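Chemist: In our numbering, the protein residues as written are 2 to 120.
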Ligand code: HEC
């Protein structure tokens with residue numbers, strides 16, 4: 002009997018943790034969607050509607066690692082000068098994406114938003 006109680010307790014804790022994580026990332030992705038509109042990203046990017054000045058960002062979290070995306074959004078200009086993938090992108094698009102001023106929190110929210118579009 003004690004074992005059953007412990008098992009039920011553990012399972013409900015796990016369910017709650019999974020719920021909290023799902024809820025948390027949902028809120029973050031929502032904030033990311035707002036940032037994507039308000040920070041001017043939509044002037045150059047679509048998600049799933051084709052290229053504009055910059056690449057269509059649908060699928061970007063499958064093409065790039067989270068670490069690369071964080072670095073890109075934080076140090077765009079530096080990456081364009083040093084990172085092989087970024088150099089290639091710049092060659093392809095010919096327009097350097099301007100350095101954005103985003104907080105680490107903004108960057109996490111934006112990446113969660115991209116992830117939510119790539120599920
Ligand atoms: C003035 C146009 C412009 C704006 C504004 C802009 N970008 Fe970009 N972005 C580009 C271009 C062009 C590239 C391709 C790389 C290059 O040429 O520098 C790019 C590349 C990217 C990439 C990498 C795509 C890949 O295929 O790896 C991401 C992610 C990205 N931008 C996100 C953003 C986000 C988020 C914002 C808003 C905070 C933003 N961009 C604002 C033009 C822009």
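Every residue, glycine too, gets a C-beta built ideally from N, C-alpha and C. This structure is a prediction, so every number in the text was calculated from the model and none was measured.
Do you know offhand how far residue 24's Cα is from residue 106's?
Modeler: If you number the chain shown from 1, residue 24 lands on position 23. If you number the chain shown from 1, residue 106 lands on position 105. In this predicted model, residue 24 has a pLDDT of only 49, less than 50, meaning its place in the structure is not dependable enough to derive any value.
Chemist: Could you tell me which whole alpha helix (DSSP H) segments of length 4 or greater appear in the segment 16-93?
Modeler: Entirely contained in the segment 16-93, the alpha helix (DSSP H) runs reaching 4 residues are, in chain order, 61-64, 67-75, 77-83.
Chemist: Tell me the rounded alpha-carbon separation between residue 103 and residue 3.
Modeler: Your numbering for residue 103 matches position 102 in the chain shown. Your numbering for residue 3 matches position 2 in the chain shown. Their Cα atoms are separated by approximately 51 Å.
Chemist: So which of 108, 72, 120 has the shortest CA-CA distance to residue 33?
Modeler: Start at 1 with the first residue of the chain shown, and residue 33 comes out as number 32. That would be 108, whose Cα lies nearest to the Cα of residue 33.
Chemist: So is residue 38 buried or exposed if we call it buried at 16+ other beta carbons inside 10 Å?
Modeler: Numbered from 1 along the chain shown, position 37 holds the residue referred to as residue 38. Under this definition residue 38 is an exposed residue.
Chemist: Give a yes or no on whether the C-beta atoms belonging to residue 113 and residue 60 are separated by under 8 Å.
Modeler: Here residue 113 corresponds to residue number 112 of the chain shown, with the count starting at 1. Here residue 60 corresponds to residue number 59 of the chain shown, with the count starting at 1. For residue 113 and residue 60, no; Cβs fall outside 8 Å.
Chemist: Please indicate yes or no: does the CB of residue 38 lie closer than 7 Å to some heavy atom of the ligand HEC?
Modeler: In the chain shown, counting from the first residue as 1, residue 38 sits at position 37. No, the ligand HEC has no heavy atom inside 7 Å of this Cβ.
Chemist: With a threshold of 6 Å on Cβ separation, who are the neighbours of residue 117 within its own chain once the five nearest residues in sequence on each side are excluded?
Modeler: As a working note, residue 117 is residue 116 in the chain shown. Correct list, in chain order: 30.
Chemist: Identify the continuous alpha helix (DSSP H) that holds residue 102 and give its terminal residues.
Modeler: Along the chain shown, one-based indexing puts residue 102 at 101. Unbroken run through residue 102: none, as it is neither H nor E.
Chemist: Note down the Cα distance separating residue 99 from residue 28, rounded to an integer number of angstroms.
Modeler: Here the question's residue 99 lines up with position 98 in the chain shown. Here the question's residue 28 lines up with position 27 in the chain shown. Taking the straight line joining both Cα atoms gives about 27 Å.
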